[in-house]
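> Sharing a structure here in structure tokens format.
Number of protein chains: 2
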Amino acid sequence: MKEHAGAAPSAGSRVSGAPSAGSRSSGSPSGGSRSSGGPSGGSRDAEQRREQMLRAALDVIVERGYADTRISDVAERTGTSPALVIYYFKTRDQLLTEAIRFSEDAWYAEYLRQTAQIPTAAGRLAELIANVCLPGTDDEPRTYWLMWLDLWALSPRSQGAAAIRQKSDERWRTTIRSIVLAGQEAGEFAQVDADDFTITLAAVLDGLAIQIGVEDTEVSPERAYELAMRFTAGQLGFEWKPAARRARKRGR
Amino acid sequence: MKEHAGAAPSAGSRVSGAPSAGSRSSGSPSGGSRSSGGPSGGSRDAEQRREQMLRAALDVIVERGYADTRISDVAERTGTSPALVIYYFKTRDQLLTEAIRFSEDAWYAEYLRQTAQIPTAAGRLAELIANVCLPGTDDEPRTYWLMWLDLWALSPRSQGAAAIRQKSDERWRTTIRSIVLAGQEAGEFAQVDADDFTITLAAVLDGLAIQIGVEDTEVSPERAYELAMRFTAGQLGFEWKPAARRARKRGR
DNA sequence: AAAGTTTGACTGAATATTCAGTCTAGAAGG
DNA sequence: CCTTCTAGACTGAATATTCAGTCAAACTTT
Numbered sequence: 001m002k003e004h005a006g007a008a009p010s011a012g013s014r015v016s017g018a019p020s021a022g023s024r025s026s027g028s029p030s031g032g033s034r035s036s037g038g039p040s041g042g043s044r045d046a047e048q049r050r051e052q053m054l055r056a057a058l059d060v061i062v063e064r065g066y067a068d069t070r071i072s073d074v075a076e077r078t079g080t081s082p083a084l085v086i087y088y089f090k091t092r093d094q095l096l097t098e099a100i101r102f103s104e105d106a107w108y109a110e111y112l113r114q115t116a117q118i119p120t121a122a123g124r125l126a127e128l129i130a131n132v133c134l135p136g137t138d139d140e141p142r143t144y145w146l147m148w149l150d151l152w153a154l155s156p157r158s159q160g161a162a163a164i165r166q167k168s169d170e171r172w173r174t175t176i177r178s179i180v181l182a183g184q185e186a187g188e189f190a191q192v193d194a195d196d197f198t199i200t201l202a203a204v205l206d207g208l209a210i211q212i213g214v215e216d217t218e219v220s221p222e223r224a225y226e227l228a229m230r231f232t233a234g235q236l237g238f239e240w241k242p243a244a245r246r247a248r249k250r251g252r
Numbered sequence: 253m254k255e256h257a258g259a260a261p262s263a264g265s266r267v268s269g270a271p272s273a274g275s276r277s278s279g280s281p282s283g284g285s286r287s288s289g290g291p292s293g294g295s296r297d298a299e300q301r302r303e304q305m306l307r308a309a310l311d312v313i314v315e316r317g318y319a320d321t322r323i324s325d326v327a328e329r330t331g332t333s334p335a336l337v338i339y340y341f342k343t344r345d346q347l348l349t350e351a352i353r354f355s356e357d358a359w360y361a362e363y364l365r366q367t368a369q370i371p372t373a374a375g376r377l378a379e380l381i382a383n384v385c386l387p388g389t390d391d392e393p394r395t396y397w398l399m400w401l402d403l404w405a406l407s408p409r410s411q412g413a414a415a416i417r418q419k420s421d422e423r424w425r426t427t428i429r430s431i432v433l434a435g436q437e438a439g440e441f442a443q444v445d446a447d448d449f450t451i452t453l454a455a456v457l458d459g460l461a462i463q464i465g466v467e468d469t470e471v472s473p474e475r476a477y478e479l480a481m482r483f484t485a486g487q488l489g490f491e492w493k494p495a496a497r498r499a500r501k502r503g504r
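Respectively, the protein sequence lines represent chains A and B.
Just so you know, we're using the working numbering here: the first sequence kicks off at 1 and counts up by one.
Just so you know, we're using the working numbering here: the second sequence kicks off at 253 and counts up by one.
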């Protein structure tokens, strides 16, 4: 762990120009979006390798935690060398923050995919909350929250982490608020203040997420789901019955 | 950052159930459990030095984060040498986890002191929530939450952190529940399920605490306080007016 | 289309730094 | 002088990052 936000004189190197080692480094070669550092603009191979590394990094972050994730771990998992990882990401922090951003985007995309069909706002909200709490088929929400635990802890001191966190939180709240507004317009929900409710629900979910992440014995995923739903239904004034055992379809 | 939980052969210091290194935390000075190499039983001086180091460690943890807190930082702040810090705490993790425990105990003690006089359950709950959100005179709750952000992130992989977290969460919930039960007995509060309410309120507070910790622009301490109080008053059915500017007395 | 050239992907072996944790020996004081 | 404290110099183990090139495929040139 390093970074120490902007101030840092040394590390600051990235960015600016300094082509340094191989490749003209950062100065995006082709399409701007090609994210930072890394090799060329993106032969298919390169792009795949990048993603492979991001996924590997994510795995390691979940397993060992951000602070203990080493470049060599990622290199091993991708069957490459530490040098190549640096070749693609310039710095460790670059790699790790990009990995988190990557995961965030993937989660959100998956959420959209999943709720696209659901007709009622209440249904979408329930699905959202289920996604936060209940383990699905493949990838448990717990691993996802583990990453957030790290992200939150990092944010106060890392510019990069703070930026990701903010953007994600913004999106998260916007998502909730939209559902609430839609539900109110449709007459499904009571006319509470959408902003206040959004922040409060987000807080409830974050709080429960922590407990799920640390696996507190008092707060099982099921209980978390039930409490969150009860709170939501209560505030928005819609009916909700603690369906015994809900069958979650897909993970994420 | 290190530790790697249980398995670790070396650092295993924390040892089985043993009280582990120095001080059974705050309490008694001489207390038996000398265990690991620490310094003697506890000349007044030694005990003070210990505490001085714990406080210094706390400061550094807040400033740089747990992972980036070095023994030498603590040594510098106490005007001593790294060797001395190790002399007192045997290992870095020992020092850091003890520091967190120390802070936790202090916070709780301070809370008890502060609410001892308050007659109504609603008043005590409001004070508790204010303590969580609003900055007091001296020490901002934000710094306190910064520590928790680290603690949460550490817990999934560090036995020591997990233990502290669990104990603290337990105490935290017990505290809330007691107030609720007292309030219900006194007829101040509605008869909601105390356990469910406790977990939900704890989640709301944790969630808001995160936002306060990361200084989210949408969630100012004041807003957090108000939302938390509104939720609480709403659930427990007692009157609460968003008193404009509350004058916080003492920090912690 | 063979020969020559550029370029991006990639690696093994340094290098440099950063720390946790020793070790040794000196001061304090009872 | 024996115990408790304390500092300074060190060791040892990580690691992030850099270097100096290798290799093969894609482009040129003739």
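Glycine is no exception: its CB is placed at the ideal position from the N, C-alpha and C atoms.
What you are looking at is a predicted structure, and each value in this text was computed from that prediction instead of being measured.
1. Under a CB-based cut-off of 8 Å, is I199 (chain A) close to chain B?
2. Kindly indicate if chain A contains any beta-carbon less than 8 Å away from that of F354 (chain B).
3. For the alpha helix (DSSP H) that G183 (chain A) lies in, which residues bound it at each end?
4. Please confirm if I210 (chain A) has its CB atom under 8 Å from at least one CB of chain B.
5. When the Cα atoms are used, what is the spatial distance from A233 (chain A) to A327 (chain B)?
6. Of all Cβ atoms in chain B, is any one closer than 8 Å to the Cβ of L96 (chain A)?
7. Using a Cβ cut-off of 8 Å (strictly closer), state whether V312 (chain B) contacts chain A.
8. Considering only their Cβ atoms, is the gap separating D216 (chain A) from D447 (chain B) smaller than 8 Å?
9. Between E392 (chain B) and chain A, is any beta-carbon pair separated by less than 8 Å?
10. Which same chain residues, not among the five before or five after A461 (chain B), have their C-beta less than 6 Å away from its C-beta?
11. Which first and last residues belong to the alpha helix (DSSP H) in which A455 (chain B) is found?
12. Please work out which residues of its chain come closer than 6 Å, Cβ to Cβ, to A417 (chain B), disregarding the five sequence neighbours upstream and downstream, and give them in chain order.
13. Determine whether the Cβ of R417 (chain B) lies closer than 8 Å to any Cβ atom of chain A.
14. Three Cβ pairs or more, each shorter than 8 Å: is that satisfied between the region 430-437 of chain B and the region 347-360 of chain B?
15. For chain B, is any of its Cβ atoms less than 8 Å away from the one on W152 (chain A)?
16. For K90 (chain A), count neighbouring Cβ atoms within 10 angstroms of its own Cβ and tell me buried if that reaches 16, exposed if not.
17. Using a beta-carbon distance below 8 Å, is F231 (chain A) in contact with chain B?
18. Would you say I86 (chain A) and I71 (chain A) are within 8 Å of each other, going by their C-beta atoms?
19. With contact counted as at least three CB pairs below 8 Å, one residue from each stretch, are the region 120-135 of chain A and the region 223-232 of chain A in contact?
20. For the candidate residues B:T450, B:S472 and B:G465, whose alpha-carbon lies nearest to that of F483 (chain B)?
21. Taking L457 (chain B) and G207 (chain A) to be in contact with their CB atoms under 8 Å, please state how far apart those CB atoms are, rounded to whole angstroms.
22. In whole angstroms, give me the CA-to-CA distance for A319 (chain B) and F189 (chain A).
23. Thinking R376 (chain B) and Y340 (chain B) are a contact (beta carbons under 8 Å), I'd like their distance in whole angstroms, please.
24. Starting from F354 (chain B), follow the alpha helix (DSSP H) in both directions and report where the run begins and ends.
25. If you measure from the beta carbon of E474 (chain B) to each beta carbon in chain A, is any gap under 8 Å?
26. Buried or exposed: T426 (chain B), going by 16 or more other Cβ atoms within 10 Å of its Cβ?
27. Exposed or buried, which one is L347 (chain B) when buried takes at least 16 other CB atoms within 10 Å?
28. Return helix, strand or coil for V62 (chain A), following the three-state DSSP convention.
29. Identify, in the order they occur along the chain, each residue of the same chain with its Cβ nearer than 6 Å to the Cβ of T367 (chain B), setting aside the five sequence neighbours on each side.
So, from the data block:
1. As a working note, residue 199 (chain A) is residue 199 in the first sequence. Judged by the 8 Å Cβ criterion, I199 (chain A) is in contact with chain B.
2. Position 102 of the second sequence holds residue 354 (chain B). Taking Cβ atoms only, chain A never reaches closer than 8 Å to F354 (chain B), which makes this a no.
3. The sequence position of residue 183 (chain A) within the first sequence is 183, counting from 1. Looking at the DSSP string, the run of the alpha helix (DSSP H) that includes G183 (chain A) is Q159 to E185.
4. The count along the first sequence starts at 1 and reaches residue 210 (chain A) at position 210. By this cut-off, I210 (chain A) is an interface position.
5. The residue labelled residue 233 (chain A) in the question sits at position 233 within the first sequence. The residue labelled residue 327 (chain B) in the question sits at position 75 within the second sequence. Going from the Cα of A233 (chain A) to the Cα of A327 (chain B) covers about 53 Å.
6. Mapped onto the first sequence, residue 96 (chain A) falls at position 96. By this cut-off, L96 (chain A) is not an interface position.
7. As a first step, residue 312 (chain B) is located in the second sequence; it is residue number 60 there, counting from the start. False, the Cβ-Cβ gap to chain A never drops below 8 Å.
8. Locating residue 447 (chain B) in the second sequence gives position 195, where the first residue counts as 1. Locating residue 216 (chain A) in the first sequence gives position 216, where the first residue counts as 1. No. Outside cutoff.
9. Translated into the one-based positions of the second sequence, residue 392 (chain B) becomes position 140. Not one chain A Cβ lies under 8 Å of E392 (chain B).
10. Stepping through the second sequence from its first residue, residue 461 (chain B) is reached at position 209. Hits under 6 Å: W397.
11. For the purposes of this step, residue 455 (chain B) is taken as residue 203 along the second sequence, with counting starting at 1. Run containing A455 (chain B): A446 to G465, per the alpha helix (DSSP H) assignment.
12. Locating residue 417 (chain B) in the second sequence gives position 165, where the first residue counts as 1. It should be noted that the sequence gives Arg, not Ala, for residue 417 (chain B). These residues qualify, in order along the chain: L403 and S407.
13. The residue labelled residue 417 (chain B) in the question sits at position 165 within the second sequence. Judged by the 8 Å Cβ criterion, R417 (chain B) is in contact with chain A.
14. no
15. Translated into the one-based positions of the first sequence, residue 152 (chain A) becomes position 152. It does; some Cβ of chain B falls within 8 Å.
16. As a first step, residue 90 (chain A) must be located in the first sequence, where it is residue number 90. The residue in question, K90 (chain A), is buried, as its Cβ has 16 or more Cβ neighbours within 10 Å.
17. Numbered from its first residue, the first sequence carries residue 231 (chain A) at position 231. Closer than 8 Å: yes.
18. Position 86 of the first sequence holds residue 86 (chain A). Position 71 of the first sequence holds residue 71 (chain A). Closer than 8 Å, so yes.
19. yes
20. Here residue 483 (chain B) corresponds to residue number 231 of the second sequence, with the count starting at 1. It is B:T450 whose Cα lies nearest to the Cα of F483 (chain B).
21. For the purposes of this step, residue 457 (chain B) is identified with residue 205 of the second sequence, where counting begins at 1. For the purposes of this step, residue 207 (chain A) is identified with residue 207 of the first sequence, where counting begins at 1. Sure, about 7 Å apart at Cβ, within 8 Å.
22. Within the second sequence, residue 319 (chain B) is the residue found at index 67, counting from 1. Within the first sequence, residue 189 (chain A) is the residue found at index 189, counting from 1. Cα-Cα distance, rounded: 45 Å.
23. As a first step, residue 376 (chain B) must be located in the second sequence, where it is residue number 124. As a first step, residue 340 (chain B) must be located in the second sequence, where it is residue number 88. Not confirmed; about 37 Å, so no contact.
24. As a working mapping, residue 354 (chain B) is identified with position 102 in the second sequence. First-last of the alpha helix (DSSP H) with F354 (chain B): R344 to T367.
25. Counting from 1 along the second sequence, the entry for residue 474 (chain B) is found at position 222. Not an interface residue.
26. Along the second sequence, one-based indexing puts residue 426 (chain B) at 174. The residue is exposed, with fewer than 16 neighbouring Cβ atoms inside 10 Å.
27. Taking the second sequence and counting its residues from 1, the one referred to as residue 347 (chain B) is at position 95. When all chains shown are included, L347 (chain B) counts as buried.
28. Sequence index remark: in the first sequence, residue 62 (chain A) carries index 62 (1-based). Helix.
29. In the second sequence, the residue the question calls residue 367 (chain B) occupies position 115. Result list for T367 (chain B): R376 and E379, in chain order.
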